[in-house]
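S.K.: In terms of this note's numbering, the sequence shown opens at residue 4 and continues consecutively.
Sharing a structure, written as structure tokens. Questions coming.
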Amino acid sequence: MTAAARASAQGLAVGATIGPFTLTGPAWRHAIADVYRATGPSGAALLYVIRPEVAVNPAVREAIGRRAAHLAAIGEHRQLVHTLGAGDIPGILFVATADAEGNTLRDVLTRKQQAAPGGVGPRGAANLVSAAASALMA
Numbered sequence: 004m005t006a007a008a009r010a011s012a013q014g015l016a017v018g019a020t021i022g023p024f025t026l027t028g029p030a031w032r033h034a035i036a037d038v039y040r041a042t043g044p045s046g047a048a049l050l051y052v053i054r055p056e057v058a059v060n061p062a063v064r065e066a067i068g069r070r071a072a073h074l075a076a077i078g079e080h081r082q083l084v085h086t087l088g089a090g091d092i093p094g095i096l097f098v099a100t101a102d103a104e105g106n107t108l109r110d111v112l113t114r115k116q117q118a119a120p121g122g123v124g125p126r127g128a129a130n131l132v133s134a135a136a137s138a139l140m141a
């Protein structure tokens, strides 16, 4: 099923409003969520809408809310995408992040693997871990 078809099945379409966000289109699919591009109070955003079959689990709902609140409290850091918040409106559990420009970690690792058989290497891996750790410690 395509992202657009899943959005339609959940009643989500371009122009739909979820909390303070207005959907502008489907983006991609994650393991437990469908991701949509949106606009909100701070501008461009991504909405991770947790799939209904996952969202029915109370432990998942509680963990997502707790982690989203923690990440939103971290604030902005150049190594992290800013978490704008989370919501639980009837039938829809979501997490909102800023829609940041740039490369994902997956993009960087794929490029490095294609450029050299060894991929990122020990020093490169240490640099990536260090950057992520410094962002989370901020």
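Glycine residues also receive a C-beta, built at the ideal position from the N, C-alpha and C atoms.
When DSSP labels each residue in this structure, what does Asp102 get in the three-state scheme?
M.R.: As a working mapping, residue 102 is identified with position 99 in the sequence shown. Three-state result, Asp102: coil.
S.K.: Is DSSP giving Val17 helix, strand or coil here?
M.R.: What you label residue 17 is simply residue 14 of the sequence shown in a count that begins at 1. Three-state DSSP puts Val17 in coil, outside helix and strand.
S.K.: Along the chain, where does the beta strand (DSSP E) that runs through Thr86 open and close?
M.R.: Mapped onto the sequence shown, residue 86 falls at position 83. Counting along the chain, the beta strand (DSSP E) containing Thr86 begins and ends at 86–92.
S.K.: With 8 angstroms as the threshold, decide whether the Cβ of Glu65 is near any Cβ in chain C.
M.R.: In the displayed structure, chain C is absent; only one protein chain is listed.
S.K.: Just confirm the distance between the C-beta atoms of Thr27 and Ala36, as a whole number of angstroms; I'd bet it's less than 8 angstroms.
M.R.: Position 24 of the sequence shown, counting from 1, holds the residue named residue 27. Position 33 of the sequence shown, counting from 1, holds the residue named residue 36. Not quite, the Cβ-Cβ distance comes to about 17 angstroms (not below 8 angstroms), so this is no contact.
S.K.: Which of the three DSSP states is assigned to Ile53 in this structure?
M.R.: Within the sequence shown, numbered from 1, the residue matching residue 53 stands at position 50. Note: Ile53 maps to strand in three-state DSSP.
S.K.: In whole angstroms, what is the alpha-carbon distance linking Glu56 and Asp91?
M.R.: Sequence index remark: in the sequence shown, residue 56 carries index 53 (1-based). Sequence index remark: in the sequence shown, residue 91 carries index 88 (1-based). One C-alpha to the other measures close to 15 angstroms.
S.K.: Taking C-beta to C-beta, are Ala72 and Leu87 nearer than 8 angstroms?
M.R.: On the sequence shown, position 69 is the one that residue 72 refers to. On the sequence shown, position 84 is the one that residue 87 refers to. Not a contact, by the Cβ cut-off of 8 angstroms.
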